[in-house]
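These notes are about the structure you will find just below.
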Ligand SMILES: *[C@@H]1O[C@H](CO)[C@@H](O)[C@H](O)[C@H]1NC(C)=O
Ligand SMILES: *[C@@H]1O[C@H](CO)[C@@H](O)[C@H](O)[C@H]1NC(C)=O
Ligand SMILES: *[C@@H]1O[C@H](CO)[C@@H](O)[C@H](O)[C@H]1NC(C)=O
Ligand SMILES: *[C@@H]1O[C@H](CO)[C@@H](O)[C@H](O)[C@H]1NC(C)=O
């Protein structure tokens, strides 16, 4: 009994030492430890966005109840779980997946723009279990598109960076697309 009590007291002291948040919901604000070496990692892979067939990786989850003339489906929202592979072929080695959303976001009848909100997670190799978070718009009028990376998990915790993407293959009938992605990540 006495021993348990001591362990509890020790645990309390330890908690207070690492998280001095008592009687309020925030800690004291302190200077952040600086001089952490920032690292840079480049990634190269292909994203397979399949809307057609029996087993699509992108599905419409919401659409507006009005249609504006020739606006590329402004307001249509897709959920995605797109495979990421090493090479462009659908049978190429699977290395991860991008899960999230994209929405058709342009009202200009001449431009097809989407905003993507997705977590790109890796399931093999050195970055197995790590992911980066991408929130960005991209326009079909740009041959090479730049997308902003705003964070990450695991090895990519607090990451920032950008992705340059280019259509590797598109089936204009079905809307299926294979995107080549060159990603530059700055992380710790
Ligand atoms: C769209 O939804 C709004 C709000 O529920 C409704 O008032 C309107 O009639 C709907 N329009 C169409 C074309 O269904
Ligand atoms: C990736 O990590 C998961 C969870 O730790 C593990 O189960 C899996 O075997 C790993 N895959 C590879 C290819 O390393
Ligand atoms: C990605 O990098 C490779 C190798 O440097 C290059 O051949 C390709 O054109 C780049 N693609 C994009 C979309 O930047
Ligand atoms: C595009 O998809 C259609 C329907 O599945 C198919 O008939 C056609 O061959 C495809 N085109 C290309 C270039 O893959």
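In mature numbering (1 follows the signal peptide of the UniProt record, and there is no 0), the protein residues as written are -23 to -1, 1 to 165.
By construction, the Cβ of each residue, glycine as well, lies at the ideal position given by its N, Cα and C atoms.
Review point. Got a sec, what are the start and stop residues for the beta strand (DSSP E) residue 16 sits in?
Key: Counting from one through the chain shown, the residue named residue 16 turns up at place 39. First-last of the beta strand (DSSP E) with residue 16: 16 to 26.
Point to revise | Range of the contiguous beta strand (DSSP E) that encloses residue 130 | key: Residue mapping note: residue 130 aligns to position 153 of the chain shown, counting from 1. Residues 121 to 130.
Practice item. Examine ligand 4 and report whether any of its heavy atoms sits within less than 7 Å of the Cβ of residue 101. Key: Stepping through the chain shown from its first residue, residue 101 is reached at position 124. No, ligand 4 has no heavy atom inside 7 Å of this Cβ.
Exercise for review: Going by DSSP, name the residue or residues bridged to residue 62.
Suggested key: Numbered from 1 along the chain shown, position 85 holds the residue referred to as residue 62. For residue 62, which the question treats as bridged, DSSP gives the partners 23 and 71.
**Study point:** Euclidean distance between Cα positions of residue 100 and residue 71
**Key:** Here residue 100 corresponds to residue number 123 of the chain shown, with the count starting at 1. Here residue 71 corresponds to residue number 94 of the chain shown, with the count starting at 1. When rounded, the distance between both Cα atoms is 8 Å.
Check your understanding: Relative to the C-alpha of residue 23, which residue among 142, 152 and 161 is closest?
Key -> As a position in the chain shown, residue 23 is number 46, starting the count at 1. Considering only alpha carbons, the answer is 142.
**Study point:** Cα-Cα separation, residue 41 to residue 52
**Key:** Here residue 41 is taken as the residue at index 64 of the chain shown, counted from 1. Here residue 52 is taken as the residue at index 75 of the chain shown, counted from 1. So the two alpha carbons sit approximately 6 Å from each other.
Point to revise | ligand 1 heavy atom lying under 7 Å from the CB of residue 53 | key: Translated into positions along the chain shown, residue 53 becomes position 76. Not under cutoff, so the answer is no.
Practice item. Give me the Cα-Cα distance between residue 12 and residue 85, rounded to the nearest whole angstrom. Key: To locate residue 12, count along the chain shown from 1; it is residue 35. To locate residue 85, count along the chain shown from 1; it is residue 108. Whole-angstrom Cα-Cα distance: 46 Å.
Exercise for review: Within the same chain, show all residues whose beta-carbon is closer than 6 Å to that of residue 117, passing over the 5 residues directly before and after it, in chain order.
Suggested key: Position 140 of the chain shown, counted from the start, is the residue given in the question as residue 117. Within the same chain, residue 117 has close Cβ partners 89.
Review point. Roughly how many whole angstroms lie between the Cα atoms of residue 97 and residue 150?
Key: Numbered from 1 along the chain shown, position 120 holds the residue referred to as residue 97. Numbered from 1 along the chain shown, position 173 holds the residue referred to as residue 150. C-alpha separation (whole angstroms): 27 Å.
Check your understanding: Between 152, 7 and 62, which lies nearest to residue 30 when the distance is taken from Cα to Cα?
Key -> Along the chain shown, read from residue 1 onward, the residue named residue 30 stands at position 53. Checked all of 152, 7 and 62; the closest Cα to residue 30 is 152.
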